[in-house]
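Participant: In the numbering used here, the protein residues as written are 287 to 342. Virtual Cβ for every residue (Gly too), placed ideally from N, Cα, C. Given the structure is predicted, the values throughout are model-derived calculations rather than measurements. Right, I'll just put the structure down here and ask away after.
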């Protein structure tokens, strides 16, 4: 969980409850975790790279 910005914790809770593969964010607090309960936390740019690689 995020101690520096507790408001971010709701995004972690929703991603966990939804069993999301990715949480896409530009928030540095969340990105610093890299993952949470099986959900990869990535930047929009990183996710675009993944999607573009799948289309090649």
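For residue 311 versus residue 327, is the C-beta spacing smaller than 8 Å?
Facilitator: yes
Participant: Measuring CB to CB, does residue 329 end up less than 8 Å from residue 317?
Facilitator: yes
Participant: If you measure between the beta carbons of residue 308 and residue 333, is that distance less than 8 Å?
Facilitator: yes
Participant: Please determine, among 300, 293, 292, 305, the residue with the shortest C-alpha to C-alpha distance to residue 324.
Facilitator: Checked all of 300, 293, 292, 305; the closest Cα to residue 324 is 305.
Participant: For residue 315 and residue 342, what's the separation of their Cα atoms in angstroms?
Facilitator: 32 Å
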